[in-house]
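> Protein chains in written order, with numbering that gives the first Met the number 0: chain A, 0 to 329; chain B, 0 to 268.
Here a beta-carbon is modelled for each residue, glycine too, at the ideal position from N, C-alpha and C.
Just dropping this structure here.
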Amino acid sequence: MPIRVNRISKHFRLFKREAGFSGALKSFINRKYEDFHALENISINVEDGEILGILGENGAGKTTLIKILVGLLHPSSGEVDINGFIPWERKTEFLKQISVVMGQKNQLWWDIPASESFLLNRNIYEIPEKNYNKILDELVDLLDVKDKLDVQVRRLSLGERMKMEIIAALLHNPKVVLLDEPTIGLDVISQSKIRDFVKFYNQEYNTTFILTSHYMHDIQALCKRVYVINKGVSLYDGDFEVLTNKINPRRKLLFEFSMPPDTRVIDKLLTQYKFTLKNNFLEAELPSDDLTSLVSELFKMDTPSSITLEDLPVEDTMRSFFLEPEKFIK
Amino acid sequence: MKSWLIKYFAVVRMTWIQTLEYKANALVGTFAIFSGLFIEFLIWKQVFQAQNINEIRGFTFNGLMVYIFLCMIVGQLKSSWATSMEMIDSIRTGELNKYLIRPISFFTYHFMMFIGHNSLFYIVYTIVIILFPILIPGWCFHTKIQIVGFIISLGISIYLSYTIYFCMVCFAFWFGEVRSLVIAYNIANSILSGQIIPLRLFPEGAREIIFLTPIQYLVDFPVSIATGNLPIEFWIPKMAMALLWCCIITITGRILYGYGIRAYGGFGA
């Protein structure tokens, strides 16, 4: 189910007022409005079975983009075509092929068990009973929530609730799933389970996923390709690894000598590379090319007891990117 | 049609399950109407005794009590103000998103939720209405056709009332908070529809104005059929007029919703 987004923009008219009672009074008499450009000329193509990550700071326009893609919002201009459908026409056939999970909102009925909400979705999406039972059993097993099905939704933990939301969203076997912050507020184990699940589901059913998340581990684990938005404007569309290397080409080396190294050789290497040496442990943060030549020099000196090469934490990399995006992408 | 029925019956079923989760709330809500009747009983008893009269504009005390009790039942059954408040909130807070992303109609989904939530009332009040001619014979449902006419006009009243609320709900797309509009309508409606004081006791001029609006079909029309105050030859023309109002207001609601959804920002979700 290919997605074609062509130069969409979305402008909102927001009203602004000063803080405090006098501000409220002034605004009551004379309300001031301001045009807010949430998205400007956004174009994306997403292919079948792809997992696309949408990155951006708070207020960058990620959720607005998701809302346009699922037909919740009309764009101010531009076109969207999802397998021949215009999302905001909200045709039944289109709605049966997509799904969206918003991490901060739920579609499950709060006071009754999730299993009842699933039954409601079965009727809403007109899922044949046999298919429904098969899909439900599979999803419940994969997400390990069998014993929670008959518990009131409001009594579930955040992680369990999110799993139930995901089940409700996938029961009708959608071809496109949009996940907006699906792991927000979850502990690391729940985050990892949801990531594993999305990966498995995508491979098994070739379902297209569009994902937004502030947790870079989600993006790193799931998305080969990312689309970066900043203040409503497209900044980058391409391989995530290429982006992170562009932002921070350095990698980290931990090299443990099997015996105390020759200080003369070390001093010589120090004139060419920046690293620290403590108790036979050499630690360096260098661009990939420099790191490769340093490693070959070190291997000439000694066969290490241990060696580790790591990428720098992706969270730190992306943080530095969002502080000055223009510096990295021109 | 069959799948449509299955889909929306599932919504009614969900509201039943939800209602049963909170037994005490459901029971108190069902019998709350009797407190209102008790207050009306005390007021009108005082009026009849103080004036030392047996009749007010053709109403004896017992006849008036029956009329008021039926008005309260119909008023309760047709009033979807609580559902309207939920709908306004869902537009204001962005909860509406969860309806828009699924192949369901916001209008019908909430109508079915309203029917589901009121189902307990339907059961209890049906029993009360069946007992009425037995407990207080001679004041309502003199013939079987009156029961049929009452049920049809009650159905029209429920739908008409819901569509009026729905039109008001749609203003939330532009103004965000419109609960005060619903509250103002609710107060006006409970008086002007004859829910508290029978329309027959209104001044002639006021009655003529009310009869130009759909408000007369909300309470006074079904109750007048039940009590025999409206001769049978007026039923069909009045029902046709009520159905015409249903069509006009449904279309108005659809137009408002169609424009409103374009203005919807989906904020907060």
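1) Could you say which of B:A9, B:Q145, B:I52, B:M86 lies nearest to V181 (chain B) if we only look at CA atoms?
2) I want to verify the contact list: residues of chain A whose CB lies under 8 Å from the CB of G265 (chain B), in sequence order.
3) Rounded to a whole number of angstroms, what is the C-alpha to C-alpha distance between E78 (chain A) and L38 (chain A)?
4) What is the DSSP secondary structure of A18 (chain A), counted as helix, strand or coil?
5) Let me know the secondary structure DSSP gives T142 (chain B) once reduced to three states.
6) Distance check for F120 (chain B) and I218 (chain A), CA to CA, integer angstroms please.
7) Going by Cα to Cα distance, which pick from A:K174, A:A18, A:P181 is closest to M101 (chain A)?
8) DSSP three-state label for A37 (chain A), please.
9) Three Cβ pairs or more, each shorter than 8 Å: is that satisfied between the stretch 161-179 of chain B and the stretch 86-106 of chain B?
10) Expressed to the nearest angstrom, what Euclidean distance is found between the alpha-carbon atoms of F14 (chain A) and Y263 (chain B)?
11) Can you find a CB in chain B that lies within less than 9 Å of the CB of N130 (chain A)?
12) Going along chain A in order, which residues have a C-beta closer than 9 Å to the C-beta of M13 (chain B)?
13) Can you give me the start and stop residues for the beta strand (DSSP E) that V100 (chain A) sits inside?
14) With a 10 Å radius around its C-beta and 16 neighbouring C-beta atoms as the bar for buried, classify T306 (chain B) as buried or exposed.
15) Could you give the residue range of the alpha helix (DSSP H) that holds T107 (chain B)?
16) With I85 (chain A) as the anchor, note down where its beta strand (DSSP E) starts and where it stops.
17) Counting along the chain, where does the beta strand (DSSP E) carrying V218 (chain B) start and finish?
18) Between the alpha carbons of V45 (chain A) and N185 (chain B), how many angstroms are there, rounded?
19) For M84 (chain B), collect the residues of the same chain with a Cβ closer than 8 Å to its Cβ; drop the 5 residues on either side in sequence, then sort them by chain order.
20) At the 9 Å Cβ level, is K31 (chain A) part of the contact set with chain B, yes or no?
21) Is it true that the stretch 171-178 of chain A meets the stretch 198-214 of chain A, where meeting means three or more beta-carbon pairs spaced less than 8 Å apart?
22) Flag Q190 (chain A) as yes if its beta-carbon sits less than 9 Å from any beta-carbon of chain B, otherwise no.
23) DSSP has E164 (chain A) in a bridge; who is on the other side?
24) Quick one: does M101 (chain A) have its CB under 9 Å from some CB of chain B?
25) Quick check: is the beta carbon of Y21 (chain B) nearer than 9 Å to any beta carbon in chain A?
26) Is the distance from the Cβ of R199 (chain B) to the Cβ of F58 (chain B) below 9 Å?
27) Of all the options B:L95, B:R261, B:N188, B:I16, which has the alpha carbon lying nearest to the alpha carbon of K77 (chain B)?
28) Determine which residues of the stretch 75-95 of chain A have a Cβ less than 8 Å from any Cβ of chain B, and write them out in chain order.
29) Distance check for S192 (chain B) and A31 (chain B), CA to CA, integer angstroms please.
30) DSSP state of T302 (chain A), grouped into three classes?
31) Can you pull the chain A neighbours of K1 (chain B), defined as C-beta to C-beta under 7 Å?
32) At what residues does the alpha helix (DSSP H) containing R121 (chain A) begin and finish?
33) Write down every uninterrupted run of the beta strand (DSSP E) in the stretch 207-251 of chain A whose length is 3 residues or greater and which is fully enclosed by it, in chain order.
34) Could you check the C-alpha separation between F110 (chain B) and Q48 (chain B) for me, to the nearest Å?
35) Which residues bound the beta strand (DSSP E) around I53 (chain A)?
36) Can you give the Cα-Cα distance for N130 (chain A) and L169 (chain A), rounded to whole angstroms?
Let's see:
1) Of the listed residues, the one whose Cα sits closest to V181 (chain B) is B:M86.
2) Residues of chain A whose Cβ lies closer than 8 Å to the Cβ of G265 (chain B) are, in chain order, K66, L71, L72.
3) Using only the alpha carbons, I get a separation of about 13 Å.
4) Correct three-state label for A18 (chain A): coil.
5) Three-state DSSP puts T142 (chain B) in coil, outside helix and strand.
6) Looking at the two C-alpha atoms, the distance is approximately 51 Å.
7) For M101 (chain A), the nearest C-alpha among the options comes from A:P181.
8) Of the three classes helix, strand and coil, the one that applies to A37 (chain A) here is strand, per DSSP.
9) Under the Cβ criterion (8 Å, minimum of three pairs), the stretch 161-179 of chain B counts as touching the stretch 86-106 of chain B.
10) Rounded to the nearest angstrom, the two C-alpha atoms are 15 Å apart.
11) No, N130 (chain A) does not count as interfacial toward chain B.
12) In chain order: W108, I111, E115, S116, L118, L119.
13) In the DSSP assignment, V100 (chain A) falls within the beta strand (DSSP E) that extends over 97-101.
14) It is not possible to answer for residue 306 (chain B), since the shown part of chain B is limited to 0 through 268.
15) Going by DSSP, T107 (chain B) is part of the alpha helix (DSSP H) stretching over 105-134.
16) Run containing I85 (chain A): none; DSSP gives neither H nor E here.
17) First-last for V218 (chain B): undefined, no H or E at that position.
18) Taking the straight line from one Cα to the other gives about 50 Å.
19) Counting only Cβ-Cβ distances below 8 Å, and skipping sequence neighbours, we find R178, V181.
20) False, the Cβ-Cβ gap to chain B never drops below 9 Å.
21) Contact holds between the stretch 171-178 of chain A and the stretch 198-214 of chain A, because three or more Cβ pairs, one in each stretch, are under 8 Å apart.
22) Q190 (chain A) is outside the set of residues whose beta carbon lies under 9 Å from a beta carbon in chain B.
23) E164 (chain A) pairs with nothing; no bridge assigned.
24) Using beta-carbon distances, M101 (chain A) counts as an interface residue toward chain B, with a partner under 9 Å.
25) Output row for Y21 (chain B): interface = yes.
26) Using a Cβ distance threshold of 9 Å, R199 (chain B) and F58 (chain B) count as a contacting pair.
27) Checking every option, the nearest Cα to that of K77 (chain B) belongs to B:N188.
28) Cβ contacts with chain B come from R89, T91, L94, K95.
29) Cα-Cα distance, rounded: 20 Å.
30) Coil.
31) The premise fails here: K1 (chain B) is roughly 10 Å from chain A at the closest Cβ pair, so nothing lies under 7 Å.
32) Residues 113-123.
33) List check, beta strand (DSSP E) in window: 207-211, 224-229, 232-238.
34) One Cα belongs to F110 (chain B), the other to Q48 (chain B), and the distance between them is close to 44 Å.
35) Where I53 (chain A) is concerned, the enclosing beta strand (DSSP E) stretches over 50-54.
36) Going from the Cα of N130 (chain A) to the Cα of L169 (chain A) covers about 12 Å.
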